[in-house]
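In the working numbering, the protein residues as written are 131 to 489. Backbone N, C-alpha and C define an ideal beta-carbon position, used for all residues, glycine too. Each remark here refers to the structure printed beneath this line.
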Amino acid sequence: GILYAMDGSNKKYYNRETSIPFSSDGDIIKEAKILSLGKADDINNEPLYKGQLPEGSRLLAVGLVLEDFDIPALKLQEPNVIFISSSYPREVFLQLLDAFPTIEWMHSRSTGIDHIQSKGLAAAEHVVVTNSKGCYSSTLAEYTLMACAYFAKDLPRLMRQKQHKDWSKYEVLELRGATLGVVGYGDIGRAASKLAKAYGMKVIALRRNPTLSKGCPICDKVYGVDQLNTLMSESDYVLVAAPLTDATRGLIDADAIAHAKKDAVLINVGRGPIIDEDALIDALSNGKLKGAGLDVTTLEPLPTESPLWELDNVLLSPHNMDVTATFLRESTEFFVNENLERFVRGEFLLNQVDKVAGY
């Protein structure tokens, strides 16, 4: 079965708070010859560009486009690792895969791989893909509970009353005893669920394979994707923390929203297109939903003509609730200090991604 840590996390995946650093005592059995697809002056990549790399590891080249790489010279060195920190790398990445059949492993500095996912990548059976999940979870979990409290305590009303010097008292809601439904029970979903439990909330998780969370100590219930409407009908707050894939695009549609509790709150820290934005706006406008906390939107930046800007019951942030001062550097450090150490010793790499499913 699946092995869980005390916090319910799967030990195949990295978590900044709970993972035990890899012990680098084993023998080096192969070299890591690395190509970096990203900016040469990216200070967040300094652990890779300027730091002390693990024994047996070499950075061969850095570039943003194919022309930045000396293909004939690099072929002689047989690069076997690609580190990706570029925002729009899909085409160049596939060109590098085609140019260097020796590539064995690709690591994404981000958690989502929708920016590199393709049929070409899925067909590259010899390439292992890993991501940086576990580096972003705590701050997004904090945002999730902040968004819940924002609506439970009616912070918009508080701010209006302060502006008008109005001392009127009103009732507030407790989070204790409320239910958080989590759509996409990965590292971010688990981190938010841990905080929700600390607040005394109940947790319902929804994931593609619910058996993977069997025995998880955080969840009160675990549903499969076919039970999305049930989760919506039982949850006071719904957190969307799933990756964007063909299967999740438009997952939270008008039908799912119609099954939500009246006065439910929808929170999205995954990707904007997972929610049907038009259906969401309708439900926020007609009172079906109490509110929404959106760190992501279908189009980013959010167009100025979007009704989301004008709705008082929408908490908006510009996809920055994981943008701490150190988050990108920590993602690079995870690649260098954890998975590179594993790779050169032939050990299991953490955070392996299903190239077809996208997570």
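* Can you check whether the CB of VAL426 is closer than 8 Å to the CB of ALA394? -> Taking C-beta atoms as the reference points, ALA394 and VAL426 fail to come closer than 8 Å.
* To do: Whole angstroms is fine: what's the gap from ARG337's alpha carbon to GLY316's?
  => Just so you know, the alpha carbons of ARG337 and GLY316 end up roughly 8 Å apart.
* To do: Mind checking which residues open and close the beta strand (DSSP E) that includes TYR144?
  => From DSSP, TYR144 is part of no beta strand (DSSP E); its letter is neither H nor E.
* **Inter-residue Cα distance where the pair is LEU381 and LYS263** => Going from the Cα of LEU381 to the Cα of LYS263 covers about 22 Å.
* Using a threshold of 8 Å, state whether the C-beta atoms of PRO373 and ASP244 are closer than that. => yes
* Per-residue DSSP class, three states only, for ASN359 -> helix
* Give the straight-line distance between the Cα atoms of LEU470 and ILE164, rounded to the nearest whole angstrom. => Rounded to the nearest angstrom, the two C-alpha atoms are 10 Å apart.
* If you drop the 5 nearest sequence neighbours on each side, which residues of the same chain put their C-beta closer than 6 Å to that of GLU185? -> ILE158
* Asked: From this set, ARG287, LYS344, ASP366 and PHE457, which residue's C-alpha is nearest ARG306's C-alpha?
  -> ASP366
* To do: Note the first and the last residue of the continuous beta strand (DSSP E) segment covering ILE214.
  => For ILE214, the enclosing beta strand (DSSP E) stretches over residues 211 to 214.
* Compare the Cα-Cα distances from LEU445 to each of LEU424, LEU429, SER436 and THR428 and report the closest residue. => LEU424
* Going along the chain, which unbroken runs of the alpha helix (DSSP H) with 4 or more residues stay wholly within the region 422 to 470? -> 457 to 464
* Rounded C-alpha distance that separates ASN174 from LEU194 -> 16 Å
* Asked: In whole angstroms, what separates the C-alpha of ALA82 from that of ALA377?
  -> Residue 82 falls outside the range modelled here, since the chain spans only 131 to 489, and no answer is possible.
* DSSP beta-bridge partners for THR309? -> LYS332
* Please report the residue range of the alpha helix (DSSP H) in which ARG290 lies. => 285 to 293
* Neighbourhood of ILE348 by C-beta distance below 7 Å, restricted to the same chain and skipping five residues each side -> GLY138, ARG320, SER323, LYS324, LYS327 and VAL333
* Asked: Tell me, which residues are paired with ASN398 by DSSP?
  -> VAL370 and LEU424
* Who are the near neighbours of LYS420 in its chain, counting only those whose CB is closer than 7 Å to its CB and skipping five residues on each side? -> PHE281, ASP393, ALA394, VAL395 and ASN443
* **Cβ-based burial, LEU133 [other Cβ within 10 Å; buried from 16]** => With a pLDDT of 37 at LEU133, under the threshold of 50, the predicted position of this residue should be treated as unreliable, though the coordinate-derived value follows. Classification of LEU133: exposed, given that the 10 Å Cβ count is below 16.
* Using the Cα positions of LEU441 and SER415, report the straight-line distance between them to the nearest angstrom. => 7 Å
* **Contact under 8 Å by Cβ, ALA162 with VAL222** => At a Cβ-Cβ threshold of 8 Å, ALA162 and VAL222 do not count as neighbours.
* To do: Could you say which of SER215, ASN339, PRO209 and LEU275 lies nearest to ASP171 if we only look at CA atoms?
  => The shortest Cα separation from ASP171 among SER215, ASN339, PRO209 and LEU275 belongs to SER215.
* Go through its chain and collect everything with a Cβ distance to VAL258's Cβ below 7 Å, but skip five positions before and after it. => GLU234, TRP235, LEU479 and GLN482
* Asked: So which of VAL313, VAL474 and THR428 has the shortest CA-CA distance to LEU183?
  -> VAL474
* **Presumed contact (8 Å Cβ cut-off) between ARG290 and TYR300, rounded CB distance** => No, ARG290 and TYR300 are not in contact; Cβ-Cβ is about 11 Å, not under 8 Å.
* Asked: Can you tell me whether DSSP reads SER268 as helix, strand or coil?
  -> helix
* Would you please state the rounded distance, in angstroms, between the beta carbons of GLY242 and ARG379? I believe it to be under 8 Å. => Contact flag wrong, Cβ pair sits at about 13 Å.
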